[in-house]
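For the sequence shown, the positions run 5 to 224 when the numbering used here is used.
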Amino acid sequence: MSDVVKNEHQCTCKIGRAIDRYDLDGLNGELQHRRDVADASLRTLAEYINERILETALAEVETDLTDVAYGAVSADDALSAVYETLTSDTAPADREARVRKRFEQNGIDIEEIESDWVTHPTVRSHLNDCLQIDTARTTKITAESARNTIEWARTRCARVVEQTISRLVSAGIVSIRDTEVAVTIQLTCSDCGSTYRFGELLESGSCACSADETTPLDHR
């Protein structure tokens with residue numbers, strides 16, 4: 005397990021507290037990936053964190069973002085639209101007022117959520133001081149950053165499934181008691197058909213059919 009993942013819940017800065025409060029498992033790995041590999045700016049990372057906070061806070065109270073966003077065609081579009089409306093200086097005042105009124109009607113304290121949002125200086129401090137990521141330079145992808153990104157994607161996928169099942173239960177569409185969702189990442193070579201877990205392929209460095217060796221890899 006990487007230092008980034010191990011320290012996920014040991015950081016006490018504002019972002020660390022948000023990770024604990026909103027159960028944003030894998031956020032640090034995603035920040036590292038977006039900074040090191042995608043070369044995301046600090047402002048872009050701050051927006052990403054704030055949208056995740058907003059998304060999680062609303063999911064906890066089972067609020068439909070497409071309803072709040074007035075006509076957005078998907079949850080992702082709605083999330084971006086709502087966040088932009090609340091933060092952009094160019095967003096029409098009447099639209100922002102309608103969105104805030106809709107939150108109020110749904111019993112959501114949007115001001116409390118906004119108080120947990122972060123700025124790009126906060127992101128810089130978190131990356132430098134908590135994650136030991138040098139924001140003064142751009143680095144290439146590493147095996148560790150890739151592992152963190154895959155783990156974040158796996159965790160997030162499981163959370164989306166859990167939240168969807170919970171909403172189905174609440175709507176009376178399905179009936180089931182407590183559930184545990186498990187997501188496994190597997191990769192299959194299109195040439196030889198061998199299947200590997202991501203960690204196995206990362207450790208071996210290549211598929212058996214492309215490796216310069218006579219004995220196939222011991223994979224599951």
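Backbone N, C-alpha and C fix where the C-beta goes; we use that ideal spot for every residue, glycine too.
Using a Cβ-Cβ cutoff of less than 8 Å, which residues in the same chain neighbour residue i once the five nearest sequence positions on both sides are dropped?
i      : result
Ile169 : Val178, Ile180, Thr183 and Val185
Ala63  : Gln167
Thr48  : Arg38
In the DSSP assignment, what are the bridge partners of residue i?
i      : result
Arg201 : Gln190
Helix or strand or just coil, what does DSSP make of residue i?
i      : result
Pro96  : coil
Cys134 : helix
Val86  : helix
Ser179 : coil
Val185 : coil
Asp195 : coil
Thr126 : helix
Ala140 : coil
Ignore the nearest five residues each way along the sequence and tell me which others in residue i's own chain have a CB closer than 7 Å to its CB.
i      : result
Thr153 : Gly33, Glu34 and His37
Leu28  : Ala22, Arg56 and Thr60
Arg160 : Gly30
Excluding five sequence neighbours on each side, which residues of the same chain lie with their C-beta closer than 6 Å to the C-beta of residue i?
i      : result
Thr89  : Ala95, Arg99, Glu100 and Val103
Ser202 : Inspection of the sequence shows that residue 202 is occupied by Phe rather than by Ser. Within the same chain, Phe202 has close Cβ partners Ile154 and Ile189.
His4   : Past the edges of the chain, shown from 5 to 224, lies residue 4, and the structure says nothing about it.
Tyr26  : Ile57 and Thr60
Arg158 : Val187 and Ile189
Ser149 : Gln36, His37 and Asp40
Val127 : Leu46, Leu49 and Ala50
Lys10  : Low confidence applies here, because Lys10 scores a pLDDT of 42, under 50, leaving its location unreliable and the question unanswered by this model.
If I'm right that residue i touches residue j with Cβ under 8 Å, what's the distance once you round it to whole angstroms?
i      : j      : result
Ala147 : Leu206 : 6 Å
Glu59  : Leu83  : 5 Å
Val122 : Ile19  : 6 Å
Cys196 : Ala212 : 7 Å
Verify the CB distance criterion: does residue i have a CB-CB separation below 7 Å to chain B?
i      : result
Val164 : No chain B is part of this structure, which consists of one protein chain only.
Between which two residues does the alpha helix (DSSP H) carrying residue i extend?
i      : result
Ser149 : Ala147 to Ser174
Cys46  : Residue identity check: residue 46 is Leu in the sequence provided, not Cys. Per DSSP, Leu46 belongs to the alpha helix (DSSP H) from Leu46 to Glu64.
Ile112 : Per DSSP, Ile112 belongs to no alpha helix (DSSP H) and is neither H nor E.
Ser210 : Run containing Ser210: none; DSSP gives neither H nor E here.
Asp24  : Lys18 to Tyr26
Asp40  : Leu31 to Asp40
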